[in-house]
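For the working numbering, add 8 to where a residue sits in the sequence shown, where the first one is 1.
For each residue, glycine too, the CB sits at the ideal point set by N, CA and C.
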Amino acid sequence: MIKHIYLLVSLMTLISCQSQEKKVELKKQPNILWIVTEDISPTLSFYGDQTAKTPNLDKLATESLVFDNAFAVVGVCAPTRSSIITGMYPTSIGTMHMRTGQDVMSWGKRSYADHVDRNDISGNPIRQYAAVIPEYVKCFTEYMRAAGYYCTNNQKTDYQFAAPVTAWDENNSKSHWRHAPKDKPFFSVFNIGTTHESQLWKKSDLPLTVDPKTVPVPPYFPDNDATRETIARHYSNIELMDAEVGAFIKQLKEDGLYDNTIIFFYSDHGGPLPRQKREIYDSGLKVPFMVKGIKTNSGRTDRMISFVDLAPTVLSLAGVEPPLYMEGKAFLGAYQTDKRDYVLGTSDRFDEYTDRIRAIRNKQFLYLRNDFPELTKYKDVGYRKQVPMMPTFLRLRDEGKLDAIQHMWFETKTNEELYDCVNDPYNIKNLADDPAYGPILKNMRQALKDQMANRPDLGLIPESQLINTMWPDFEQPITKSVTFNVIEMSQGKTVSLSCATRGASIAYIVSDNPNEHFDFNSKWKLYTEPFSVEKGQTVYTVAQRIGYMESKIDVFQMQ
């Protein structure tokens with residue numbers, strides 16, 4: 009842990025000591041744009057599925073490197089988004105349960121229910137909370153900001169903790185690269201909710217642009233009107249999403265930035281349909297993913313990548329060496345590492361239902377270890393029951409009218425599962441008991457053990473106990489106030505800032521007004537080094553360790 013903290017301090021010190029060089033290097037740093045959609049598998053034309061018409065994505069794909077083996081860590085948004093923003097596995101930092109709490113960007117006003125309608129794996133009731141992650145782990149965008157990037161997020165976070173003000177220059181529905189200073193490169197994220205699971209019912213009144221009679225129906229679904237209507241709604245939503253992607257690209261070109269911007273397009277996990285979202289099969293974890301570079305060639309790659317790799321990869325593209333604590337591997341840029349042989353998947357609590365499954369995937373095989381085989385594969389999650397096809401699906405189950413493949417989802421699990429994803433892309437035929445696959449089963453089992461051996465698995469701890477380690481006595485810890493230190497220099501006075509809470513990051517604003525009021529969306533700067541303050545100016549500061557309540561805003565007026 010001390011080593012990790014030292015590395016973080018060293019990064020900040022290096023940036024501080026080379027501030028003049030940094031200003032020169034900024035001109036060479038590329039702009040980076042993420043276009044993130046929600047809840048889709050690789051059901052797009054450039055992956056071979058011609059159902060939805062997506063001309064904007066098709067055009068982008070011709071100029072991009074398309075990844076055929078890209079995987080989320082968890083088949084649902086919040087845990088996997090925590091891996092994206094930190095470069096860490098959710099099970100390593102305690103963010104694996106969906107969802108921990110309802111964090112909002114309103115200081116001092118977040119509330120968490122003492123108990124909610126959910127239990128941990130031991131049957132103990134749990135409460136809402138913000139995950140307190142290891143003190144040395146930061147949102148990777150802090151490193152981007154320290155390196156000179158202007159970072160914007162529009163708008164979803166869903167990290168299992170409230171995004172600290174130090175993570176983004178802008179983090180709201182109006183955030184845009186167009187607000188970046190002219191002398192700074194930008195890293196901008198736009199989150200598209202059009203394809204989210206909820207839109208299967210929220211957009212049910214919109215006309216379908218895809219004919220239900222023509223949609224492909226996976227074999228694990230009953231083929232009926234309800235199923236086809238829901239699938240057609242999803243493909244129609246994909247077409248709506250494509251138009252939004254086109255609008256972002258149009259804006260980039262209007263701004264003259266397209267050729268100098270690296271563009272990522274991906275979905276936050278697999279599809280929104282039953283037996284897709286929340287599942288640890290390819291239907292839940294495998295995603296569309298492409299990167300339009302500035303100098304990289306277009307084409308396809310079968311390189312395996314995981315969402316835990318995104319943070320170090322963006323840092324690598326920005327010319328920033330990723331911190332050694334990150335568990336991900338950079339797959340592009342100056343600090344690109346060796347290729348992966350495996351990707352890891354995890355499954356724990358989803359809303360009111362708790363389980364624990366660990367999975368590992370190579371280019372051909374998927375292996376699952378079910379820690380609670382007595383539980384059914386299906387989780388009776390209330391939110392999912394709003395999907396239009398679900399009532400019919402459940403009625404056919406209850407009437408005994410599903411075939412063997414369709415009924416598998418409702419059966420109890422086995423200790424292990426093994427699937428040949430090349431020859432069985434729907435992950436239907438479990439090969440774990442087939443003697444012919446015994447050597448492969450043994451190798452995959454060992455590969456999972458090796459992947460988990462050198463990292464914690466906090467999912468092994470009942471969630472109620474885990475919460476109490478994060479929030480002692482079930483009270484959210486509070487970040488301590490910022491300490492001011494005035495340094496007398498020959499050229500004037502500078503201020504250094506510190507916080508006694510280990511792992512806290514500090515934000516500040518220098519103002520000529522001693523009576524200003526600031527909120528989350530004010531233009532807070534990330535503190536990385538001492539800064540000059542003129543007589544009569546006022547410094548406002550706030551500090552936060554991830555998962556803690558932020559400190560109160562402290563005010564210091566230079567005399």
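query: What are the complete beta strand (DSSP E) segments, minimum 3 residues, inside the segment 103-171?
result: Within the segment 103-171, the complete beta strand (DSSP E) runs of at least 3 residues are 158-162.
field: Beta-ladder partner(s) of S504, from DSSP
entry: Along the sequence shown, read from residue 1 onward, the residue named residue 504 stands at position 496. Residue pairing of S504 in beta bridges, as defined by DSSP: N493.
- prompt: Is it buried or exposed for R510, if we count other Cβ within 10 angstroms and need 16 for buried?
  reply: As a position in the sequence shown, residue 510 is number 502, starting the count at 1. With fewer than 16 neighbouring CB atoms inside 10 Å of its own CB, R510 falls in the exposed class.
task: Measure how close the beta-carbons of F79 and G353 come, nearest whole angstrom, since I'm counting them as under 8 angstroms.
output: As a first step, residue 79 is located in the sequence shown; it is residue number 71 there, counting from the start. As a first step, residue 353 is located in the sequence shown; it is residue number 345 there, counting from the start. Rounded, the Cβ-Cβ distance is 7 angstroms, consistent with contact.
message: Residues in the same chain with beta-carbon distance under 7 angstroms from G292, minus the five sequence neighbours each way, listed in chain order, please.
response: The residue you call residue 292 lines up with position 284 of the sequence shown. The answer, listed in chain order, is G83, H277, G278, Q284, K285 and R286.
message: Using the three-state DSSP reduction, which class does Y266 fall into: helix, strand or coil?
response: Within the sequence shown, residue 266 is the residue found at index 258, counting from 1. Y266 falls in the helix class under three-state DSSP.
- prompt: Skipping 5 residues on each side, what residues in its chain have a beta carbon closer than 6 angstroms to that of A240?
  reply: Along the sequence shown, one-based indexing puts residue 240 at 232. Excluding positions up to five away in sequence, the list reads L216, V218, P220 and V223.
field: Identified DSSP bridge partners for N77
entry: On the sequence shown, residue 77 is found 69 positions in, with the first residue counted as 1. Per DSSP, the beta-bridge partners of N77 are M312.
message: For S519, tell me which candidate among D458, S530 and A512 has the shortest Cα-Cα distance.
response: Against the sequence shown, residue 519 aligns to sequence position 511. Check the Cα spacing between S519 and each of D458, S530 and A512: the tightest is with S530.
task: Starting from the Cα of T369, find the closest Cα among P330, F315 and L456 and give me that residue.
output: Indexing the sequence shown from 1 puts residue 369 at position 361. Contrary to the premise, residue 369 reads as Arg rather than Thr in this sequence. Of the candidates P330, F315 and L456, the one whose C-alpha sits nearest the C-alpha of R369 is L456.
- request: Assign T551 to buried or exposed, taking buried as 16 or more other Cβ atoms, counted over all protein chains shown, within 10 Å of its Cβ.
  value: Within the sequence shown, numbered from 1, the residue matching residue 551 stands at position 543. Correcting the residue type first, residue 551 is Ala in the shown sequence and not Thr. Under this definition A551 is a buried residue.
query: Starting from G292 and walking both ways along the alpha helix (DSSP H), at which residues does that stretch end?
result: Taking the sequence shown and counting its residues from 1, one reaches residue 292 at position 284. Membership of G292 in the alpha helix (DSSP H) is indicated by the continuous run D290 to L293.
query: For V550, which three-state DSSP category applies?
result: Locating residue 550 in the sequence shown gives position 542, where the first residue counts as 1. Strand, per DSSP.
- prompt: Short check: CB of P282 to CB of L208, under 8 angstroms?
  reply: Residue 282 sits at position 274 when you count from the first residue of the sequence shown. Residue 208 sits at position 200 when you count from the first residue of the sequence shown. Judged by their CB atoms, P282 and L208 are not nearer to each other than the 8 angstroms cut-off.
message: Within the continuous beta strand (DSSP E) that includes Y428, where are the two ends?
response: Mapped onto the sequence shown, residue 428 falls at position 420. The residue you asked about is not Tyr; residue 428 is Asp in the sequence shown. Looking at the DSSP string, the run of the beta strand (DSSP E) that includes D428 is E424 to D428.
- prompt: According to DSSP, is F339 helix, strand or coil?
  reply: Start at 1 with the first residue of the sequence shown, and residue 339 comes out as number 331. Judged by DSSP in its simplified three-state form, F339 adopts coil rather than helix or strand.
- prompt: Where does R453 sit, in a helix, a strand or coil, going by DSSP?
  reply: Position 445 of the sequence shown, counted from the first residue, corresponds to residue 453. Here R453 sits in helix by DSSP.
Where M298 falls: helix, strand or coil (DSSP): Here residue 298 corresponds to residue number 290 of the sequence shown, with the count starting at 1. Residue state, collapsed to three classes: strand.
- prompt: Residues bridged to E178 by DSSP?
  reply: For this step, residue 178 is matched to residue 170 along the sequence shown. Beta-bridge pairing links E178 to T160.
Coarse secondary structure for L569, derived from DSSP in three states: The shown model of the chain, from 9 to 567, leaves out residue 569, and the question about it has no answer.
task: Would you mind sorting P133 into buried or exposed? The rule is 16 or more other CB atoms within 10 Å of its CB.
output: The residue given as residue 133 occupies position 125 in the sequence shown. Answer is exposed; the Cβ neighbour count stays below 16.
query: By the 10 Å Cβ neighbour count, where 16 or more other Cβ atoms means buried, how is V32 classified, buried or exposed?
result: By one-based count along the sequence shown, residue 32 stands at place 24. Note on V32: pLDDT 34, under 50, position unreliable in the model; no value is reported.
task: Could you round the C-beta distance between G336 and L318 to whole angstroms and report it? I think they count as a contact, below 8 angstroms.
output: Against the sequence shown, residue 336 aligns to sequence position 328. Against the sequence shown, residue 318 aligns to sequence position 310. Right, the Cβ-Cβ distance comes to about 7 angstroms (below 8 angstroms), so this counts as a contact.
Stretch-stretch touch, CB-based, cutoff 8 angstroms, three pairs: the segment 399-406 with the segment 476-488: Between the segment 399-406 and the segment 476-488 there are fewer than three C-beta pairs closer than 8 angstroms, too few to call the two in contact.
message: For a test of the three-state rule: what should DSSP assign to F229, helix, strand or coil?
response: Indexing the sequence shown from 1 puts residue 229 at position 221. Of the three classes helix, strand and coil, the one that applies to F229 here is coil, per DSSP.
message: Whole angstroms are fine: how far does the CA of A440 sit from the CA of K450?
response: The residue labelled residue 450 in the question sits at position 442 within the sequence shown. The residue labelled residue 440 in the question sits at position 432 within the sequence shown. Pairing K450 with A440, the inter-Cα distance amounts to about 10 angstroms.
task: Leaving aside the five residues before and after Y289 along the sequence, list all residues of the same chain whose C-beta is less than 6 angstroms from its C-beta, in chain order.
output: In the sequence shown, residue 289 corresponds to position 281, counting from 1. For Y289, same chain residues with a beta-carbon under 6 angstroms away, outside a window of 5 residues either side, are N435 in chain order.
task: Tell me the start and end of each unbroken alpha helix (DSSP H) in the segment 184-247 that is at least 4 residues and wholly inside, in chain order.
output: Runs of the alpha helix (DSSP H) lying entirely within the segment 184-247, each at least 4 residues long, are 207-210 in chain order.
query: If you draw a straight line from the alpha carbon of P227 to that of M249, how long is it in whole angstroms?
result: Here the question's residue 227 lines up with position 219 in the sequence shown. Here the question's residue 249 lines up with position 241 in the sequence shown. Near 26 angstroms, if we compare the C-alpha coordinates of M249 and P227.
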